[in-house]
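Peer 1: Residue numbers (this note's numbering): 106 to 244. All C-beta atoms in this analysis are idealised placements derived from N, C-alpha and C, irrespective of residue type, glycine included. Submitted below is the structure of interest, expressed as structure tokens.
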């Protein structure tokens, strides 16, 4: 899994002192961005081909607080012709507590034409190689 350390900001907190759930989605997006950079060697601004998010489902188990030592762990759990699915966990590194989990479906996308596309062969190869070498599922 790709690990992304998260810096919690004071502005992320709600009136109860928890990190607002909306901000957890930002943290998951940071994990996706790290995966794109490390595994796919892609920049975070796409001029031609990239991805759009088609679905996301998140479970919130326990609140996140500003003093938590957070990391997002990201891996691909399914790959299709035009899309793939991420599984992510938000973990307090000090306690090992899984604070939240999320799955999301991303679709290959042609930015200029604004249409879905098949995943490029180099994307598929990089994802499968990384997941195989790092103990992920056989895709």
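(1) Do you know offhand how far residue 135's Cα is from residue 109's?
(2) My output table needs one value for residue 234: the three-state DSSP class, helix, strand or coil.
(3) Does the contact criterion of 3 or more C-beta pairs under 8 Å hold for the stretch 213-228 versus the stretch 171-178?
(4) Which ranges does the beta strand (DSSP E) cover as unbroken runs of at least 3 residues, wholly within the stretch 159-244, from first to last along the chain?
(5) Since residue 127 is in the alpha helix (DSSP H), which residue starts that stretch and which ends it?
(6) Counting Cβ pairs, one atom from each stretch, are 3 or more of them under 8 Å apart for the stretch 231-243 and the stretch 156-173?
(7) Report all residues from its chain with a CB closer than 8 Å to the CB of residue 165; omit the five preceding and five following residues, and keep chain order.
(8) Output needed for residue 140: all residues of its chain with C-beta closer than 7 Å, excluding positions within five of it in sequence on either side, in chain order.
(9) Do residue 154 and residue 244 come within 8 Å of each other at the CB atom, strictly closer than that value?
(10) For my contact list, residue 132 and residue 157 are in at a C-beta cut-off of 8 Å; report their separation, rounded to the angstrom.
(11) Would you report the Cα separation of residue 240 and residue 192, rounded to the nearest angstrom?
Peer 2: Put simply:
(1) 7 Å
(2) helix
(3) no
(4) 175-184, 188-197, 203-215
(5) 126-143
(6) no
(7) Apart from sequence neighbours up to five positions away, the residues of its chain that approach residue 165 with a beta-carbon distance below 8 Å are 126, 129, 204, 205, ordered along the chain.
(8) Same-chain partners within the cutoff: 107, 179.
(9) no
(10) Rounded, the Cβ-Cβ distance is 19 Å, inconsistent with contact.
(11) 14 Å
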